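Report on the following structure.
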Ligand SMILES: Cc1ncc(COP(=O)(O)O)c(C=O)c1O
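Residue numbers (the numbering used here): 524 to 915.
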């Protein structure tokens, strides 16, 4: 230990009080074991399609190693806006309403920092993606949870949302299709949620990172509803549908004043997303549809197998319409979520994530990602069956 006098409380209070992600502890354990079948990681098991990797290599060969405009390459922003127009019926200006970010993760951080004054309340639905609560806290906001429930297939009930609104509410975060439940919203729910946002003058931050992976029916963005475009920030990226997690590339589109505020933070903290990742994203948008749809078909087939298998075992779960997760109820085993996941891992070498990693209301559930091959899913189901039988 050096003799230097160190400042007490070196870490800021709002950071030292942040919980560590429950998933990380669990995966440290998974990584220390051999021959585990993982239904745990929320990441495609596919590697990014070859043409995307090739375009990245080619960009490097041509010496594309510089910074780009802070907002991102204009050609990429134009292609993003074309893509959203064609596939989402959304009309954004590439010049002023679109910013390229280091994944949806950075886009979420930027919008929260851009809008929150200390003490503002931000509502989000739980069980949810692990970052929302901490991202809100890091931006000095107050996270307010609205629970989604199993009896409604984890959809967000507008009346439940209404009860959480106070004069301090600034924004709502939506994530449909949802991580970890796979839940989606009906058109009526979307309309009612939009109405609530309009009545209460709220900003809607919509994380639609799984939207291409919608298997039944069409995906509709809340930003397309009347009067919503001016109050909605649409977050999207390439990690999931294009299997490009490691490229770290995403974007936000929304009203000019909010994109401009996000841009200020981005230019000082990040400068720009990597040019190579931007070139890869451009290739994904221009030529990536066929490969993306192939992966989507494969996820859909896996979803059908895993939902049927889990229900046959007696671990009840609804058939989610999107993303690549199922969220079975494990209370029939008499175990808590953490006990179930830990014992299943130790006894059968199958990794699933305890539902509580996604919020307290995830107790009684586990998340299984079907970002694994059909063969592995079938073996995992067999082992889960054995595990449950041995508990009886
Ligand atoms: C709902 C949701 N939003 C955002 C992210 C992070 O995405 P990105 O890789 O674009 O930062 C994830 C990753 O798992 C996610 O599930």
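Idealized CB from N, CA, C, for every residue including glycine. Just so you know, these numbers come straight off a predicted model, no measurement behind them.
| Within the present structure, is the beta-carbon of residue 771 separated from the nearest heavy atom of ligand 1 by less than 8 Å? | Position 248 of the chain shown, counted from the start, is the residue given in the question as residue 771. For ligand 1, at least one heavy atom lies less than 8 Å from the Cβ of residue 771.
| query | Which of the three DSSP states, helix, strand or coil, is assigned to residue 807? | reply | Taking the chain shown and counting its residues from 1, one reaches residue 807 at position 284. Residue state, collapsed to three classes: helix.
| said: What does the Cβ neighbour count give for residue 686, buried or exposed, with the cut at 16 atoms within 10 Å? | reply: One-based indexing of the chain shown puts residue 686 at position 163. With fewer than 16 other Cβ atoms within 10 Å, it is exposed.
| request: Answer yes or no: the CB of residue 730 versus the heavy atoms of ligand 1, is any distance below 8 Å? | output: Here residue 730 corresponds to residue number 207 of the chain shown, with the count starting at 1. Yes.
| Regarding residue 762 and ligand 1, is the C-beta to nearest heavy atom distance less than 8 Å? | In the chain shown, the residue the question calls residue 762 occupies position 239. Yes, Cβ of residue 762 sits closer than 8 Å to a heavy atom of ligand 1.
| said: Please determine whether the Cβ atom of residue 657 lies at a distance below 8 Å from any heavy atom of ligand 1. | reply: Counting from one through the chain shown, the residue named residue 657 turns up at place 134. Result no, Cβ not under 8 Å from ligand 1.
| message | With three or more C-beta pairs closer than 8 Å as the rule, is the region 639-649 touching the region 690-701? | response | yes
| field | residue 599 versus 743, 795, 822 and 845, residue with shortest Cα-Cα distance | value | Working through the chain shown from its first residue, we reach residue 599 at position 76. The shortest Cα separation from residue 599 among 743, 795, 822 and 845 belongs to 795.
| field | Entirely enclosed beta strand (DSSP E) segments - the region 544-619, minimum 3 residues | value | none
| request: Could you give the DSSP three-state label for residue 530: helix, strand or coil? | output: Position 7 of the chain shown, counted from the first residue, corresponds to residue 530. Residue 530 falls in the coil class under three-state DSSP.
| request: From the DSSP output, read off the bridge partner residues of residue 760. | output: Translated into the one-based positions of the chain shown, residue 760 becomes position 237. Answer is 773.
| request: Please name the residue in 909, 883 and 895 whose C-alpha comes closest to that of residue 821. | output: The residue given as residue 821 occupies position 298 in the chain shown. Nearest C-alpha to residue 821: 895.
| task | Run the CB neighbour count on residue 531, radius 10 Å, all protein chains shown included, and call it buried at 16 or more, exposed below. | result | Reading the chain shown from its first residue, position 8 is the one you call residue 531. With fewer than 16 other Cβ atoms within 10 Å, it is exposed.
| request: State the CB to CB distance for the pair residue 850 and residue 703, rounded to an integer number of angstroms; the pair is presumed to be in contact (CB under 8 Å). | output: The residue labelled residue 850 in the question sits at position 327 within the chain shown. The residue labelled residue 703 in the question sits at position 180 within the chain shown. Between residue 703 and residue 850 the Cβ distance is about 6 Å, and since that is below 8 Å, they are a contact.
| Just to confirm, does residue 945 get its C-beta within under 8 Å of one of the non-hydrogen atoms of ligand 1? | What the structure shows of the chain is the stretch from 524 to 915, and residue 945 is not part of that stretch, so it cannot be assessed.
| message | Following a CB-centred definition, is residue 768 positioned closer than 8 Å to any heavy atom of ligand 1? | response | To locate residue 768, count along the chain shown from 1; it is residue 245. Checking the Cβ of residue 768 against ligand 1 gives yes.
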